[in-house]
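Engineer: Would you mind keeping the following structure in view while I ask a few things?
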Amino acid sequence: MKPNPEPSSPPLLEEVLFDSELGRFRESTLELVVSLARSRRRRRRQVRGAAAVVFSLLMVAGVWLSQPKPTAVKREAYQTVNTRPIPTGILVRTVGTTVPIARSESAQFAVVRTEASPRGFRVLTDEALLAAFSGRPLGWIHDVDGHRRLVFLDGTQIE
């Protein structure tokens, strides 16, 4: 709707001020500015999202790379050695030298048979254990893993 122009206005000015093209120009300019603002906002969101993803990947890579690397265990090749008993007193020759074989005594062993006790094991307290070896110097050694050992300070051992 055109306002009523003053009669003293030049026709060119009337055409510029009151033309319907001007309204369409304003609409298209407004649409262009709004679309540019939306695209900038969308681009900022994309850049922020990409930066967050890259930061997360760098953090994961840093944690993964800081983990200790497993070392390869080098295993030696094992060979099966078959031996025969050698009588005592025999010399073994190896690469031009002789080495006397250590003499061994005949093995002694005994077969021990046990039966299940109906009561099971008897648990000794620390005081009962110390009372069993009264008169001998002894002490407790605490291992790193929490176990304790009873040690005789005179160098003897329990057989």
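Taking the numbering used here, I'd label the letters of the sequence shown as residues 510 to 668.
Don't be surprised by glycine CBs; every beta carbon is placed ideally from N, CA and C.
Considering Leu633, what are the terminal residues of the beta strand (DSSP E) in which it resides?
Structural biologist: Unbroken run through Leu633: none, as it is neither H nor E.
Engineer: For Met510, does the three-state DSSP call read helix, strand or coil?
Structural biologist: Bear in mind that the predicted position of Met510 carries a pLDDT of just 48, short of 50, making it too unreliable to give a figure here.
Engineer: Have a look at Ser575 and Val562 and give me their C-alpha separation to the nearest angstrom.
Structural biologist: 20 Å
Engineer: Would a C-beta distance cut-off of 8 Å place Leu647 and Leu659 closer than the cut-off?
Structural biologist: Taking 8 Å as the cut-off, the beta carbon of Leu647 is found closer than this to the beta carbon of Leu659.
Engineer: Using the C-alpha atoms, what's the distance from Leu566 back to Val556?
Structural biologist: 15 Å
Engineer: Whole angstroms are fine: how far does the CA of Arg553 sit from the CA of Ser537?
Structural biologist: 24 Å
Engineer: Starting from His651 and walking both ways along the beta strand (DSSP E), at which residues does that stretch end?
Structural biologist: Annotation: the continuous beta strand (DSSP E) that includes His651 extends over 647 to 651.
Engineer: How would you label Met510, buried or exposed, when you count the other beta carbons within 10 angstroms and need 16 or more for buried?
Structural biologist: Interpretation of Met510 is limited by its pLDDT of 48, a score under 50 that renders its predicted location unreliable; no figure is taken from the coordinates.
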